[in-house]
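At position 96 of the sequence shown (counting the first as 1) the number is 96 in UniProt numbering, and the numbers step up by one without a gap.
Okay, structure first, notes after.
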Amino acid sequence: METHFHAQLDKMRLKVLEMAAYTQKAIEDACKALLERDGDLAQKVIDNDMQINLLECEIDDMSLRLLALDQPLAVDLRSIVGIMRVSVNLERVGDEAVNIAEKAMFLSTRPPLPFGGQLKELSDVALEMFRASIMAFREGDPDLARDICRWDSQCNALDVMVIKDLVNYMSKEAPAVERAVSTVLTSRSLERVGDLSTNIAEAVVFIVEGVSIKHRICR
């Protein structure tokens with residue numbers, strides 16, 4: 001029974017890593033579509049989102065079967081709960097990828113605003129946080145996970161800077177308001193990817209150490 005349980009738990013971990021791969025491609029392509037003003041690539045991100053949602057449903061079903069049929073011990077229960085948290089946050093990153101892609105499609109058909117460099121800097125940080133969170137999960141590395149938590153303040157600061165500059169720009173360039181608002185929303189989505197990556201990192205610490213760092217400073 002224990003061997004069967006752990007085999008199923010390993011399958012669930014692999015399914016999460018599969019979901020992570022799809023999600024990583026989605027958020028990377030969404031950022032590329034935004035920065036390169038590629039509406040066709042943005043549409044592909046939107047079209048492929050269903051695959052991420054289906055994988056989340058599969059992981060939910062697997063976790064519920066393990067909980068219902070195998071009555072796991074505390075340490076194994078912790079793994080299941082942590083893996084479910086990772087899956088939920090992956091799905092939300094996928095949603096943010098769609099949000100960014102939708103804004104990228106809109107912005108690609110209109111004159112560019114002078115904020116490409118700032119958006120690239122923010123997207124680079126958000127993507128690095130996401131990639132690192134998946135590596136921390138794959139390797140079971142709580143130290144890397146804690147580092148990701150500390151990076152979140154940098155992502156937040158970049159988002160604030162972009163939004164302040166955009167608000168100032170809108171006050172002087174009224175015809176650009178619609179494009180600027182879309183860019184603000186894009187910046188918030190990128191910041192949200194950083195937050196969700198932090199959530200994944202927190203789940204890794206919980207899985208490995210049984211410690212919740214969600215509501216306190218990472219250490």
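Don't be surprised by glycine CBs; every beta carbon is placed ideally from N, CA and C.
Extent of the continuous alpha helix (DSSP H) to which residue i belongs
i: S182; result: 177-209
i: Q51; result: 49-70
i: S171; result: 142-172
Closest by C-alpha distance to residue i, when choosing among the options
i: V93; options: S189, E128, V211; result: S189
i: I80; options: L14, Q24, A157; result: L14
i: G117; options: Q71, A97, V162, I46; result: V162
i: D124; options: I207, Q24, H4; result: Q24
i: F115; options: L54, R78, D159, M129; result: D159
i: S187; options: I200, E121, M170; result: E121
i: G9; options: A20, M50, L64, C31; result: At residue 9 the sequence reads Leu, which differs from the Gly that was named. For the residues A20, M50, L64, C31, the minimum Cα distance to L9 belongs to L64.
i: P72; options: M129, T3, E96, D40; result: T3
i: A145; options: A20, N199, D60, L67; result: N199
i: R37; options: E139, E128, E102; result: E102
i: R150; options: A21, A104, R110, M129; result: M129
i: D60; options: V75, I83, L77; result: I83
i: Q51; options: A21, A126, L66; result: A21
i: L119; options: A7, M105, I100, S153; result: I100
i: I207; options: A176, F5, G140, E173; result: G140
i: E173; options: L113, S153, F137, D152; result: L113
Short Cβ contact (7 Å threshold) for residue i with residue j
i: A33; j: A26; result: no
i: I213; j: V204; result: no
i: P142; j: E209; result: yes
i: L196; j: N48; result: no
i: V45; j: D70; result: no
i: A201; j: I148; result: yes
i: C155; j: E178; result: no
i: S171; j: L107; result: no
i: V184; j: L166; result: yes
i: M19; j: M62; result: no
i: V98; j: V16; result: no
i: E96; j: E56; result: no
i: Y169; j: A157; result: no
Coil, strand or helix - residue i by DSSP
i: C218; result: Because C218 sits at a pLDDT of 46, beneath the cut-off of 50, its placement in the model cannot be relied upon, and the point is left open.
i: P114; result: coil
i: D76; result: helix
i: E18; result: helix
i: I100; result: helix
i: I83; result: helix
i: S212; result: coil
i: R138; result: helix
i: R37; result: coil
i: S23; result: Looking at the sequence itself, residue 23 is Thr, so the reference to Ser does not match. Helix.
i: T3; result: helix
Residue i Cβ short of 6 Å to the ligand MG heavy atom set
i: N48; result: As presented, the structure is devoid of all ligands, the ligand MG included, so that no description of it is given.
Chain C within 7 Å of residue i, Cβ atoms only
i: L107; result: The structure shown contains no chain C; it holds only a single protein chain.
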